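Protein chains: 2
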Amino acid sequence: MTELRQNLITKDWVIIATDRSKRQDEFSQINKHQIVIPSYKKDCPFCLGNEELTGPESFRLNDASGWKVRAVPNKYPALSPEGERVRNINGIFRSLSGVGHHEVIIENPRHDLTTALMDVEDVANIIKVYRQRYSEIRKDRRVQTIMIFKNHGKGAGTSLEHPHSQLAATPVVPYELRVRIQEAMRYFDDMGECLFCRTLAEELAAGERIIFESEHFVAFIPYAALSPFHIWIFPRRHSSSFDEITDEEMLDLAVNLKTVLRKIYVGLNNPDYNYNIRSIPTDEVRTDYFHWYIAIVPRVSLTAGFELGSGMFINTSLPEESAAFLRSVNIESC
Amino acid sequence: MTELRQNLITKDWVIIATDRSKRQDEFSQINKHQIVIPSYKKDCPFCLGNEELTGPESFRLNDASGWKVRAVPNKYPALSPEGERVRNINGIFRSLSGVGHHEVIIENPRHDLTTALMDVEDVANIIKVYRQRYSEIRKDRRVQTIMIFKNHGKGAGTSLEHPHSQLAATPVVPYELRVRIQEAMRYFDDMGECLFCRTLAEELAAGERIIFESEHFVAFIPYAALSPFHIWIFPRRHSSSFDEITDEEMLDLAVNLKTVLRKIYVGLNNPDYNYNIRSIPTDEVRTDYFHWYIAIVPRVSLTAGFELGSGMFINTSLPEESAAFLRSVNIESC
Chain H
1466 MTELRQNLIT KDWVIIATDR SKRQDEFSQI NKHQIVIPSY KKDCPFCLGN EELTGPESFR
1526 LNDASGWKVR AVPNKYPALS PEGERVRNIN GIFRSLSGVG HHEVIIENPR HDLTTALMDV
1586 EDVANIIKVY RQRYSEIRKD RRVQTIMIFK NHGKGAGTSL EHPHSQLAAT PVVPYELRVR
1646 IQEAMRYFDD MGECLFCRTL AEELAAGERI IFESEHFVAF IPYAALSPFH IWIFPRRHSS
1706 SFDEITDEEM LDLAVNLKTV LRKIYVGLNN PDYNYNIRSI PTDEVRTDYF HWYIAIVPRV
1766 SLTAGFELGS GMFINTSLPE ESAAFLRSVN IESC
Chain W
1466 MTELRQNLIT KDWVIIATDR SKRQDEFSQI NKHQIVIPSY KKDCPFCLGN EELTGPESFR
1526 LNDASGWKVR AVPNKYPALS PEGERVRNIN GIFRSLSGVG HHEVIIENPR HDLTTALMDV
1586 EDVANIIKVY RQRYSEIRKD RRVQTIMIFK NHGKGAGTSL EHPHSQLAAT PVVPYELRVR
1646 IQEAMRYFDD MGECLFCRTL AEELAAGERI IFESEHFVAF IPYAALSPFH IWIFPRRHSS
1706 SFDEITDEEM LDLAVNLKTV LRKIYVGLNN PDYNYNIRSI PTDEVRTDYF HWYIAIVPRV
1766 SLTAGFELGS GMFINTSLPE ESAAFLRSVN IESC
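Going down the list, the protein sequences come from chains H and W. Just so we're aligned, residue 1466 is where the first sequence starts under this note's numbering, counting upward by one. Just so we're aligned, residue 1466 is where the second sequence starts under this note's numbering, counting upward by one.
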């Protein structure tokens, strides 16, 4: 018999159906990382030397040798920094002007790198730029929510090879986030503690779903993971907003994120993946009940009518086995 | 500038970003419907004559010539009809035994048909079996929600070519459904009317997003469609639970569903799609606030990190243009 598990943070129910399961290593993808990618492409707008191919940059992180990370406007922005936040209500038809920010963060001057293969300092530089852009953009009072996310590979929604991530700052709070915050608030009111801190404590005590621990962060597969290798990285310190991360924590997050992505890269053969940073809306900053975190979703399974029609998920892999597999992956080997 | 639209029923915000838009016919898929599919395959468990290859059938619709539609157990059931509904609570770790039902509805004895190409009577037979299975399974008190859905094509999550759909009956109410019901209830309490009935009335008055009207059903692209050609079919009569559909309404729904799927088939060249029937949980039947409906999602776009990280969507097609395109598709031509 299968088992249903509920994620108390998202309130989602997941069916763990291992009868249709593959062995953990069968989730591994075709040998994409053996395709040789050049370190420079002359028509790539993100490559070193091609800076004039992007729109005007909003931020650049330099060292003595030149730029390390750049933030530039998205070429096809979903949200624009020009204009006012205007809401239109006409019966049930409700709309809002698409004001906000939509930036691309070019993670490295080199075309052929990916987080899993970068130096820790390179990854730390990306996180520094995330924080800088987050802090800067939150000053814009039209913005209510800032999302930072990465699409790696075609199956994860990007056609651009050059390592990059994105920032989208919306003039609304997404309903899903609003609902989760309300649930977290209710848990705090009922129990007097942060549900995320409690989850982290219980996951650490159980141990079997932990992938990697560093000084300030813990990477684990949630008890009710939505899909095989669905990973959460939680800061140990309670903090609601991503931009409260300290310099020391950023360096430690770089170690943690790189380690986890490298384990996926080696263990699952460079699968397509998305990650995103989930942080509190900009109007609320310090709260006792919400805790920012990173979610990583390797694209090793497909959602179908059941998931679309219910918001529930079927995970064909036991989270404890997926975590054991990733713990065992030796990342020195690549 | 882009526009954000809110769907009052799902409360989801969608960014309508037509700057990156394709022409409507560019969403068209490769020429899949020109691949010749045989009408019988000897190893297909769903083909006429191969009935012994499935588990014991739970229902069969016959006419003088033999069976028309069969309901059989899913070979890899996500939920099992054996056992008790047992809930386990251990701190934040909450689980439930996977009791329920997971059936496959074999839509036709022929291997090479698809809803778009069937006779209206064939489609009506499928809907009759949906209703029979729904009514029968709702008697099981362990079941809280019944989902009926279809995955058409590999990109929509099926590898089986033979026309089929599925029924999943879960021992929980999916959180997404619970939240939508609460919102619908609140709307009713505030406004004294069903939000779905109001939506249908306003969509009919606006007209520009309507695809097809039949006597008892209306197919339209919602104002805040999540993706290009995201379609809803609403019954005109207020009714919360799918199994309240009458015989006359079933025949009319067959006409409507077939017409819409044929417009997609012709206009978008047989894209992969999912549809699902959204109905009230089995414990609540007649309510003034909830209204069952069918959602159809052609798989012509990909969700990426932004959608995963926010629950918001970016739709690159203007719903009014998608609807005008589908209205104009001539379905006599194939």
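Using N, Cα and C, we set each Cβ at its ideal position, and we do this for glycine too. As the structure is a prediction and not an experimental result, all values here were calculated from the model.
- T1635 (chain W) sits in a strand when the DSSP states are folded into three classes.
- Taking a Cβ-Cβ cut-off of 8 Å, the neighbours of P1636 (chain W) in chain H comprise L1469, given in sequence order.
- Annotation for V1725 (chain W): the continuous alpha helix (DSSP H) segment containing it runs D1712 to G1732.
- Burial of T1467 (chain H) is indicated by the presence of at least 16 other C-beta atoms within 10 angstroms of its C-beta.
- A distance below 6 Å between beta-carbons, with the five flanking residues on each side excluded, links V1537 (chain W) to the following residues of its chain, in chain order: T1519, G1520, E1522 and V1569.
- Using a 10 angstroms sphere on the CB of V1501 (chain H), the tally of other CB atoms stays under 16, which defines it as exposed.
- In the three-state reduction of the DSSP assignment, I1474 (chain H) falls in the coil class.
- For chain H, the residues of the segment 1657–1671 of chain W that bring a beta carbon within less than 7 Å of one of its beta carbons are R1663, T1664 and E1667, in chain order.
- Judged by DSSP secondary structure, Y1758 (chain H) falls within the beta strand (DSSP E) whose first and last residues are Y1758 to P1763.
- Under the Cβ distance rule, T1768 (chain H) counts among the residues neighbouring chain W, one pair being separated by less than 8 Å.
- DSSP places Y1738 (chain W) in the uninterrupted beta strand (DSSP E) bounded by Y1738 to R1743.
- Of the other Cβ atoms in all chains shown, fewer than 16 fall within 10 Å of the Cβ of K1604 (chain W); this residue is therefore exposed.
- Contacts with chain H (Cβ-Cβ distance below 7 Å) from the segment 1686–1710 of chain W involve Y1688, listed in chain order.
- Across the structure, Y1595 (chain H) and N1721 (chain W) are spaced so that their CA atoms are roughly 49 Å apart.
- Between P1693 (chain H) and F1492 (chain H), the gap from beta carbon to beta carbon is short of 8 Å.
- Interface with chain W (8 Å Cβ-Cβ cutoff): W1757 (chain H) is excluded.
- Counting of Cβ neighbours within 10 angstroms places Q1647 (chain H) among the exposed residues, the total staying below 16.
- With a 10 Å radius around the Cβ and a threshold of 16 neighbouring Cβ atoms, M1656 (chain H) comes out exposed.
- Between P1639 (chain W) and G1776 (chain H), the C-beta spacing is below 8 Å.
- Taking a contact to require three or more Cβ pairs closer than 8 Å, the segment 1665–1674 of chain W and the segment 1764–1781 of chain W do not qualify as touching.
- In the structure shown, R1663 (chain H) adopts helical secondary structure according to DSSP, grouped into three states.
- The segment 1468–1488 of chain H and the segment 1779–1791 of chain H touch, with three or more beta-carbon pairs separated by less than 8 Å.
- Runs of the alpha helix (DSSP H) spanning 4 or more residues and lying entirely within the segment 1576–1632 of chain W occur at 1585–1602, in chain order.
- For I1480 (chain H), a Cβ of chain W is located within less than 8 Å of the residue's own Cβ.
- The beta carbon of S1545 (chain H) lies closer than 8 Å to those of G1563, V1564, G1565 and H1567 in the same chain, with the five residues before and after it left out.
- Annotation: L1632 (chain H) to Y1688 (chain W) spans about 26 Å, alpha carbon to alpha carbon.
- Bridge pairing for H1566 (chain W): W:A1634 [DSSP].
- Among the residues facing chain W, N1515 (chain H) is not included, as its CB has no counterpart in that chain under 8 Å away.
- Under the three-state reduction of DSSP, P1784 (chain W) is assigned to helix.
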